[in-house]
Amino acid sequence: MQTESVTTPFGRRPMTLALVRRQQAAKLIESGKIADKWKVFRDASAAMEALGIQSNSLAVLDALLSFYPENELRGDAQLIVFPSNMQLSLRAHSMPGSTLRRHLAALVEAGLIVRRDSANGKRFSRKSAAGDVDQAFGFDLSPLLLRSEELAMLAQDVIAARAAHRRAKEKLTICRRDTRKLITAAMEEGADGDWKLIEDTYINLVGRLPRTPTTAELTDILDEMEMLKDEILNCLESRDNSVNHSTNDAQFERHIQNSETDSIIEFEPSSEKEQGAKLRVSETSREPLKSFPLSLVLKACPQVSDYAPGGTVSSWRELMSAAVVIRSMLGVSASAYQDACEVIGPENAAVVMGCILERANMINSAGAYLRDLTRRAERAEFSIGPMVMAALKANNQTYLKAG
(Lines of atoms letter the chains of each structure in order from A; the text may use other names.)
(Lines give C-alpha, C1' and ligand atoms only; values in the text may rest on other atoms or scores of the structure.)
Protein backbone atom coordinates (compact mmCIF):
# COMPACT_ATOMS: atom_id res chain seq x y z
CA MET A 1 0.00 0.00 0.00
CA GLN A 2 1.19 3.52 -0.77
CA THR A 3 2.43 5.23 2.40
CA GLU A 4 3.81 8.58 1.33
CA SER A 5 4.05 11.40 3.83
CA VAL A 6 1.12 13.71 4.42
CA THR A 7 0.18 15.78 1.36
CA THR A 8 -1.72 19.05 1.36
CA PRO A 9 -4.58 19.94 -1.01
CA PHE A 10 -3.80 21.68 -4.29
CA GLY A 11 -4.78 25.30 -4.88
CA ARG A 12 -6.89 27.31 -2.46
CA ARG A 13 -8.36 24.34 -0.65
CA PRO A 14 -7.32 24.68 3.03
CA MET A 15 -5.43 22.12 5.07
CA THR A 16 -6.85 21.09 8.45
CA LEU A 17 -5.53 19.02 11.32
CA ALA A 18 -8.38 16.58 10.73
CA LEU A 19 -7.02 15.93 7.23
CA VAL A 20 -3.57 15.34 8.69
CA ARG A 21 -4.94 12.77 11.14
CA ARG A 22 -6.88 10.96 8.42
CA GLN A 23 -3.85 10.70 6.15
CA GLN A 24 -1.71 9.45 9.02
CA ALA A 25 -4.39 6.92 9.99
CA ALA A 26 -4.17 5.37 6.53
CA LYS A 27 -0.71 4.07 7.46
CA LEU A 28 -2.21 2.11 10.38
CA ILE A 29 -4.11 -0.32 8.14
CA GLU A 30 -2.79 -3.85 8.49
CA SER A 31 -1.41 -5.26 5.26
CA GLY A 32 -3.64 -8.33 5.46
CA LYS A 33 -6.89 -6.48 6.07
CA ILE A 34 -9.62 -7.07 3.46
CA ALA A 35 -13.14 -5.66 3.01
CA ASP A 36 -15.70 -6.01 0.24
CA LYS A 37 -15.98 -2.56 -1.30
CA TRP A 38 -19.70 -2.89 -2.05
CA LYS A 39 -20.43 -4.12 1.48
CA VAL A 40 -18.62 -1.04 2.83
CA PHE A 41 -20.59 1.13 0.40
CA ARG A 42 -23.91 -0.35 1.57
CA ASP A 43 -22.94 0.29 5.20
CA ALA A 44 -22.03 3.89 4.39
CA SER A 45 -25.35 4.28 2.56
CA ALA A 46 -27.31 3.02 5.58
CA ALA A 47 -25.39 5.35 7.92
CA MET A 48 -25.42 8.41 5.65
CA GLU A 49 -27.37 10.56 8.13
CA ALA A 50 -24.92 9.73 10.91
CA LEU A 51 -22.04 10.55 8.54
CA GLY A 52 -23.62 13.84 7.49
CA ILE A 53 -23.73 13.10 3.76
CA GLN A 54 -26.51 13.12 1.15
CA SER A 55 -27.63 10.69 -1.54
CA ASN A 56 -25.69 12.60 -4.21
CA SER A 57 -22.53 12.15 -2.14
CA LEU A 58 -23.19 8.41 -2.17
CA ALA A 59 -23.59 8.54 -5.96
CA VAL A 60 -20.12 10.09 -6.22
CA LEU A 61 -18.67 7.49 -3.82
CA ASP A 62 -20.26 4.74 -5.92
CA ALA A 63 -18.61 6.21 -9.02
CA LEU A 64 -15.21 6.39 -7.28
CA LEU A 65 -15.45 2.74 -6.20
CA SER A 66 -16.26 1.73 -9.78
CA PHE A 67 -12.80 2.97 -10.81
CA TYR A 68 -11.16 0.57 -8.34
CA PRO A 69 -10.70 -2.65 -10.38
CA GLU A 70 -11.03 -5.23 -7.58
CA ASN A 71 -14.13 -6.12 -5.55
CA GLU A 72 -12.11 -6.22 -2.34
CA LEU A 73 -10.25 -3.37 -0.69
CA ARG A 74 -6.94 -4.80 0.56
CA GLY A 75 -4.43 -3.31 2.94
CA ASP A 76 -1.49 -4.28 0.71
CA ALA A 77 -3.02 -2.88 -2.51
CA GLN A 78 -2.94 0.47 -4.28
CA LEU A 79 -6.14 2.17 -3.07
CA ILE A 80 -5.86 5.47 -4.97
CA VAL A 81 -8.17 6.06 -7.94
CA PHE A 82 -7.48 8.87 -10.40
CA PRO A 83 -10.44 9.53 -12.74
CA SER A 84 -10.84 12.87 -14.46
CA ASN A 85 -13.80 15.04 -13.55
CA MET A 86 -15.41 14.20 -16.89
CA GLN A 87 -15.13 10.43 -16.31
CA LEU A 88 -16.32 10.78 -12.75
CA SER A 89 -19.27 12.96 -13.79
CA LEU A 90 -20.41 10.40 -16.39
CA ARG A 91 -20.38 7.55 -13.88
CA ALA A 92 -22.18 9.75 -11.35
CA HIS A 93 -25.22 10.02 -13.66
CA SER A 94 -23.93 13.08 -15.54
CA MET A 95 -23.64 15.16 -12.40
CA PRO A 96 -22.72 18.83 -13.08
CA GLY A 97 -19.12 19.79 -12.29
CA SER A 98 -20.00 22.22 -9.49
CA THR A 99 -22.23 19.63 -7.80
CA LEU A 100 -19.55 16.97 -8.24
CA ARG A 101 -16.91 19.12 -6.53
CA ARG A 102 -19.26 19.91 -3.65
CA HIS A 103 -19.99 16.25 -2.94
CA LEU A 104 -16.33 15.26 -3.28
CA ALA A 105 -15.61 17.83 -0.56
CA ALA A 106 -18.43 16.34 1.54
CA LEU A 107 -16.89 12.85 1.26
CA VAL A 108 -13.53 14.24 2.34
CA GLU A 109 -15.14 16.08 5.25
CA ALA A 110 -16.95 12.89 6.33
CA GLY A 111 -13.62 11.05 6.40
CA LEU A 112 -14.56 8.51 3.72
CA ILE A 113 -11.87 9.48 1.20
CA VAL A 114 -8.61 11.46 1.25
CA ARG A 115 -7.23 13.71 -1.49
CA ARG A 116 -3.75 12.87 -2.77
CA ASP A 117 -3.03 15.88 -5.00
CA SER A 118 -0.08 16.13 -7.35
CA ALA A 119 2.06 19.24 -7.76
CA ASN A 120 -0.24 20.67 -10.43
CA GLY A 121 -3.49 19.19 -9.09
CA LYS A 122 -3.80 16.65 -11.90
CA ARG A 123 -4.82 13.05 -11.24
CA PHE A 124 -2.57 10.40 -12.76
CA SER A 125 -0.33 7.44 -11.99
CA ARG A 126 3.25 6.43 -12.74
CA LYS A 127 4.14 2.84 -13.44
CA SER A 128 7.29 0.96 -12.60
CA ALA A 129 9.42 -0.96 -15.08
CA ALA A 130 7.39 -4.06 -14.23
CA GLY A 131 4.16 -2.32 -15.24
CA ASP A 132 2.76 -1.93 -11.74
CA VAL A 133 1.48 1.40 -10.43
CA ASP A 134 4.40 2.94 -8.60
CA GLN A 135 2.84 6.27 -7.64
CA ALA A 136 -0.67 7.70 -7.99
CA PHE A 137 -2.39 11.00 -7.37
CA GLY A 138 -6.15 11.24 -6.96
CA PHE A 139 -8.59 10.02 -4.31
CA ASP A 140 -7.40 7.60 -1.63
CA LEU A 141 -10.04 4.98 -0.65
CA SER A 142 -8.04 3.67 2.31
CA PRO A 143 -10.34 5.40 4.90
CA LEU A 144 -13.14 3.08 3.74
CA LEU A 145 -11.00 0.04 4.53
CA LEU A 146 -9.77 1.55 7.79
CA ARG A 147 -13.32 2.34 8.97
CA SER A 148 -15.07 -0.75 7.56
CA GLU A 149 -15.92 -2.15 11.02
CA GLU A 150 -17.04 1.27 12.28
CA LEU A 151 -19.30 1.76 9.26
CA ALA A 152 -20.79 -1.71 9.76
CA MET A 153 -21.61 -0.87 13.40
CA LEU A 154 -23.13 2.48 12.41
CA ALA A 155 -25.28 0.72 9.81
CA GLN A 156 -26.48 -1.83 12.38
CA ASP A 157 -27.38 0.93 14.84
CA VAL A 158 -29.33 2.81 12.17
CA ILE A 159 -31.18 -0.33 11.07
CA ALA A 160 -32.02 -1.22 14.70
CA ALA A 161 -33.27 2.33 15.38
CA ARG A 162 -35.46 2.25 12.27
CA ALA A 163 -36.88 -1.13 13.28
CA ALA A 164 -37.64 0.14 16.81
CA HIS A 165 -39.33 3.23 15.36
CA ARG A 166 -41.40 1.10 12.99
CA ARG A 167 -42.47 -1.28 15.77
CA ALA A 168 -43.46 1.59 18.07
CA LYS A 169 -45.45 3.22 15.27
CA GLU A 170 -47.25 -0.04 14.43
CA LYS A 171 -48.09 -0.74 18.09
CA LEU A 172 -49.42 2.80 18.55
CA THR A 173 -51.54 2.51 15.40
CA ILE A 174 -53.14 -0.72 16.63
CA CYS A 175 -53.64 0.56 20.19
CA ARG A 176 -55.10 3.83 18.90
CA ARG A 177 -57.54 1.93 16.66
CA ASP A 178 -58.59 -0.40 19.49
CA THR A 179 -59.12 2.45 21.95
CA ARG A 180 -61.17 4.50 19.48
CA LYS A 181 -63.46 1.58 18.64
CA LEU A 182 -63.93 0.59 22.28
CA ILE A 183 -65.00 4.13 23.17
CA THR A 184 -67.37 4.25 20.18
CA ALA A 185 -68.91 0.88 21.11
CA ALA A 186 -69.42 1.95 24.73
CA MET A 187 -71.07 5.22 23.68
CA GLU A 188 -73.32 3.62 21.06
CA GLU A 189 -74.47 0.83 23.40
CA GLY A 190 -75.08 3.16 26.35
CA ALA A 191 -72.52 1.74 28.80
CA ASP A 192 -72.41 3.44 32.20
CA GLY A 193 -69.78 6.14 32.56
CA ASP A 194 -68.93 9.61 31.32
CA TRP A 195 -67.61 8.45 27.96
CA LYS A 196 -67.48 12.01 26.62
CA LEU A 197 -64.72 12.82 29.11
CA ILE A 198 -62.95 9.56 28.28
CA GLU A 199 -63.22 10.43 24.59
CA ASP A 200 -61.76 13.87 25.30
CA THR A 201 -58.81 12.18 27.03
CA TYR A 202 -58.27 10.04 23.93
CA ILE A 203 -58.48 13.06 21.61
CA ASN A 204 -55.97 14.91 23.81
CA LEU A 205 -53.49 12.03 23.50
CA VAL A 206 -53.87 11.87 19.71
CA GLY A 207 -53.50 15.64 19.44
CA ARG A 208 -50.11 15.51 21.16
CA LEU A 209 -48.61 13.46 18.33
CA PRO A 210 -46.34 15.63 16.15
CA ARG A 211 -46.35 15.25 12.37
CA THR A 212 -43.03 13.38 12.39
CA PRO A 213 -42.67 11.92 15.90
CA THR A 214 -39.43 10.52 17.28
CA THR A 215 -39.27 7.02 18.72
CA ALA A 216 -39.27 8.46 22.26
CA GLU A 217 -42.40 10.53 21.53
CA LEU A 218 -44.14 7.47 20.05
CA THR A 219 -43.23 5.40 23.11
CA ASP A 220 -44.52 8.03 25.56
CA ILE A 221 -47.87 8.33 23.78
CA LEU A 222 -48.08 4.53 23.43
CA ASP A 223 -47.63 4.06 27.20
CA GLU A 224 -50.47 6.45 27.96
CA MET A 225 -52.70 5.06 25.21
CA GLU A 226 -52.21 1.49 26.47
CA MET A 227 -53.10 2.60 29.98
CA LEU A 228 -56.27 4.27 28.71
CA LYS A 229 -57.20 1.16 26.72
CA ASP A 230 -56.61 -1.13 29.72
CA GLU A 231 -58.77 1.02 31.96
CA ILE A 232 -61.59 1.06 29.40
CA LEU A 233 -61.43 -2.74 29.19
CA ASN A 234 -61.46 -2.99 32.99
CA CYS A 235 -64.51 -0.74 33.12
CA LEU A 236 -66.40 -2.78 30.54
CA GLU A 237 -65.44 -6.16 32.01
CA SER A 238 -66.16 -5.31 35.65
CA ARG A 239 -69.52 -3.83 34.61
CA ASP A 240 -70.79 -7.39 34.12
CA ASN A 241 -68.69 -9.21 36.73
CA SER A 242 -68.80 -7.05 39.87
CA VAL A 243 -70.99 -8.53 42.61
CA ASN A 244 -71.46 -5.19 44.35
CA HIS A 245 -72.20 -3.31 41.11
CA SER A 246 -69.38 -0.91 42.00
CA THR A 247 -67.59 -1.10 38.69
CA ASN A 248 -64.31 0.23 37.41
CA ASP A 249 -66.07 2.39 34.83
CA ALA A 250 -67.83 4.24 37.66
CA GLN A 251 -64.44 4.66 39.35
CA PHE A 252 -63.03 5.96 36.05
CA GLU A 253 -65.84 8.50 35.79
CA ARG A 254 -65.49 9.56 39.43
CA HIS A 255 -61.74 10.13 39.24
CA ILE A 256 -61.91 12.08 36.00
CA GLN A 257 -64.71 14.23 37.44
CA ASN A 258 -62.57 14.87 40.53
CA SER A 259 -60.00 16.57 38.29
CA GLU A 260 -62.68 19.02 37.15
CA THR A 261 -64.07 19.98 40.58
CA ASP A 262 -62.77 22.24 43.30
CA SER A 263 -63.35 19.78 46.12
CA ILE A 264 -63.03 16.09 46.89
CA ILE A 265 -65.17 13.73 48.94
CA GLU A 266 -64.16 13.79 52.59
CA PHE A 267 -64.16 10.57 54.57
CA GLU A 268 -64.58 10.40 58.33
CA PRO A 269 -61.45 9.12 60.09
CA SER A 270 -61.58 5.49 61.05
CA SER A 271 -61.87 4.50 64.68
CA GLU A 272 -58.73 3.68 66.62
CA LYS A 273 -59.74 0.04 66.52
CA GLU A 274 -60.05 0.15 62.74
CA GLN A 275 -56.77 2.04 62.41
CA GLY A 276 -54.93 -0.53 64.49
CA ALA A 277 -56.34 -3.60 62.73
CA LYS A 278 -54.53 -5.11 59.77
CA LEU A 279 -56.53 -5.65 56.62
CA ARG A 280 -56.81 -9.27 55.44
CA VAL A 281 -56.44 -9.65 51.70
CA SER A 282 -57.80 -12.68 49.87
CA GLU A 283 -55.35 -13.58 47.12
CA THR A 284 -57.89 -15.85 45.44
CA SER A 285 -60.52 -13.14 45.04
CA ARG A 286 -58.34 -10.17 44.05
CA GLU A 287 -55.90 -9.74 41.17
CA PRO A 288 -52.86 -7.47 41.70
CA LEU A 289 -53.27 -3.90 40.48
CA LYS A 290 -51.41 -2.98 37.32
CA SER A 291 -48.23 -0.92 37.60
CA PHE A 292 -47.70 2.00 35.22
CA PRO A 293 -44.54 3.47 33.64
CA LEU A 294 -42.53 5.55 36.09
CA SER A 295 -42.20 8.35 33.51
CA LEU A 296 -45.98 8.58 33.25
CA VAL A 297 -46.38 8.67 37.04
CA LEU A 298 -43.86 11.53 37.28
CA LYS A 299 -45.78 13.50 34.63
CA ALA A 300 -48.99 13.05 36.62
CA CYS A 301 -47.36 13.78 40.00
CA PRO A 302 -44.49 16.25 39.39
CA GLN A 303 -44.43 17.46 43.02
CA VAL A 304 -43.26 14.07 44.28
CA SER A 305 -39.70 14.79 43.05
CA ASP A 306 -39.38 17.57 45.64
CA TYR A 307 -39.44 14.96 48.42
CA ALA A 308 -37.00 12.50 46.83
CA PRO A 309 -33.31 12.16 47.74
CA GLY A 310 -31.45 14.76 45.69
CA GLY A 311 -34.68 16.32 44.44
CA THR A 312 -35.12 13.87 41.53
CA VAL A 313 -36.82 10.51 41.03
CA SER A 314 -35.08 8.13 38.63
CA SER A 315 -36.22 4.75 39.97
CA TRP A 316 -39.13 3.11 41.78
CA ARG A 317 -36.99 2.82 44.91
CA GLU A 318 -36.53 6.61 44.99
CA LEU A 319 -40.28 7.09 44.42
CA MET A 320 -41.07 4.83 47.39
CA SER A 321 -38.56 6.74 49.55
CA ALA A 322 -40.25 10.01 48.59
CA ALA A 323 -43.67 8.51 49.41
CA VAL A 324 -42.54 7.80 52.99
CA VAL A 325 -41.60 11.48 53.41
CA ILE A 326 -44.91 12.58 51.86
CA ARG A 327 -46.83 10.22 54.19
CA SER A 328 -45.26 11.84 57.23
CA MET A 329 -45.74 15.35 55.87
CA LEU A 330 -49.46 14.78 55.15
CA GLY A 331 -50.05 13.22 58.58
CA VAL A 332 -50.83 9.72 57.31
CA SER A 333 -50.20 7.11 60.00
CA ALA A 334 -47.60 4.43 59.45
CA SER A 335 -50.25 1.73 59.90
CA ALA A 336 -52.49 3.22 57.20
CA TYR A 337 -49.61 3.36 54.75
CA GLN A 338 -48.48 -0.15 55.66
CA ASP A 339 -52.02 -1.45 55.04
CA ALA A 340 -51.99 0.18 51.59
CA CYS A 341 -48.61 -1.38 50.78
CA GLU A 342 -49.90 -4.83 51.75
CA VAL A 343 -53.10 -4.53 49.71
CA ILE A 344 -51.96 -2.79 46.51
CA GLY A 345 -48.18 -3.20 46.71
CA PRO A 346 -45.47 -0.71 47.71
CA GLU A 347 -45.04 0.74 44.21
CA ASN A 348 -48.75 1.41 43.75
CA ALA A 349 -49.00 2.78 47.29
CA ALA A 350 -46.24 5.26 46.43
CA VAL A 351 -48.16 6.28 43.29
CA VAL A 352 -51.32 6.84 45.35
CA MET A 353 -49.39 9.05 47.80
CA GLY A 354 -48.11 11.09 44.85
CA CYS A 355 -51.67 11.57 43.54
CA ILE A 356 -52.91 12.54 47.02
CA LEU A 357 -50.07 15.08 47.25
CA GLU A 358 -51.22 16.70 43.99
CA ARG A 359 -54.71 17.24 45.52
CA ALA A 360 -53.60 17.79 49.12
CA ASN A 361 -55.25 21.21 49.35
CA MET A 362 -58.64 19.61 48.58
CA ILE A 363 -58.40 16.66 51.00
CA ASN A 364 -59.10 17.32 54.69
CA SER A 365 -57.88 13.93 55.92
CA ALA A 366 -55.27 12.24 53.75
CA GLY A 367 -55.06 9.29 56.15
CA ALA A 368 -58.82 8.61 56.04
CA TYR A 369 -58.81 8.99 52.26
CA LEU A 370 -55.96 6.47 51.93
CA ARG A 371 -57.75 3.98 54.23
CA ASP A 372 -60.92 4.27 52.16
CA LEU A 373 -59.00 3.62 48.93
CA THR A 374 -57.31 0.62 50.58
CA ARG A 375 -60.68 -0.85 51.58
CA ARG A 376 -61.97 -0.36 48.04
CA ALA A 377 -58.88 -2.06 46.61
CA GLU A 378 -59.42 -4.98 48.99
CA ARG A 379 -62.91 -5.41 47.52
CA ALA A 380 -61.53 -5.05 43.94
CA GLU A 381 -63.42 -1.75 43.58
CA PHE A 382 -60.41 0.54 43.11
CA SER A 383 -58.01 0.94 40.18
CA ILE A 384 -54.87 3.08 40.07
CA GLY A 385 -55.30 4.08 36.43
CA PRO A 386 -58.21 6.52 36.75
CA MET A 387 -56.47 8.28 39.64
CA VAL A 388 -53.29 8.74 37.58
CA MET A 389 -55.28 9.86 34.54
CA ALA A 390 -57.17 12.43 36.63
CA ALA A 391 -53.90 13.84 38.01
CA LEU A 392 -52.40 13.88 34.53
CA LYS A 393 -55.41 15.69 33.10
CA ALA A 394 -55.44 18.22 35.94
CA ASN A 395 -51.76 19.05 35.40
CA ASN A 396 -52.27 19.45 31.66
CA GLN A 397 -55.12 21.91 32.27
CA THR A 398 -52.95 23.91 34.68
CA TYR A 399 -50.17 24.05 32.10
CA LEU A 400 -52.51 25.27 29.37
CA LYS A 401 -53.87 28.06 31.57
CA ALA A 402 -50.38 29.17 32.57
CA GLY A 403 -49.19 29.20 28.97
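Numbering (UniProt numbering) for the sequence shown: 1 to 403.
Every residue gets a Cβ at the ideal spot worked out from N, C-alpha and C, and that includes glycine.
Just so we're clear, the structure is a prediction, and the values are computed from it rather than from any experiment.
Does the distance from the CB of residue i to the CB of residue j come in under 7 Å?
i    : j    : result
E224 : L205 : yes
A92  : A46  : no
S148 : A35  : yes
A349 : A336 : no
K301 : G354 : As written in the sequence, residue 301 is Cys, which differs from the Lys given in the question. Taking 7 Å as the Cβ cut-off, C301 and G354 qualify as a contacting pair.
W316 : E358 : no
L100 : S89  : yes
V343 : T374 : yes
E237 : C175 : no
R116 : I80  : yes
When you compare each of the options to residue i by their alpha carbons, which one comes out closest?
i    : options                   : result
L370 : E358, V352 and E170       : V352
M389 : L141, E217, T201 and A155 : T201
I113 : E342, F41 and V324        : F41
L61  : A106, N71, E30 and D194   : A106
R74  : F67, V108, E30 and Q54    : E30
S57  : S66, S84, S94 and R102    : R102
D157 : A50, L79 and I174         : A50
I221 : L392, I183 and D76        : L392
I384 : R327, M362 and C235       : C235
I53  : G111, K299, A394 and R166 : G111
Does DSSP classify residue i as helix, strand or coil?
i    : result
A136 : strand
D36  : strand
R359 : coil
I80  : strand
K393 : helix
S98  : helix
R74  : strand
S31  : coil
S125 : strand
R208 : coil
Pull up the distance between the alpha-carbon of residue i and that of residue j, whole angstroms please.
i    : j    : result
P386 : L228 : 9 Å
T214 : A368 : 43 Å
L296 : F137 : 60 Å
K171 : T179 : 12 Å
G331 : R211 : 46 Å
R376 : P309 : 31 Å
A163 : M86  : 40 Å
S314 : S321 : 12 Å
I203 : E378 : 33 Å
L154 : M329 : 51 Å
V191 : E199 : First, the residue type needs correcting, since residue 191 is Ala and not Val in the sequence shown. Looking at the two C-alpha atoms, the distance is approximately 13 Å.
P69  : A63  : 12 Å
D306 : E217 : 25 Å
D194 : L209 : 24 Å
N71  : K37  : 6 Å
R126 : E109 : 27 Å
Quick one: complete beta strand (DSSP E) runs, 3+ long, within the region 142–204? none
What residue ranges within the UniProt domain "Plasmid replication protein C C-terminal" (293–393) form continuous alpha helix (DSSP H) runs of no fewer than 4 residues, ordered along the chain? 294–300, 316–330, 334–344, 346–358 and 366–378
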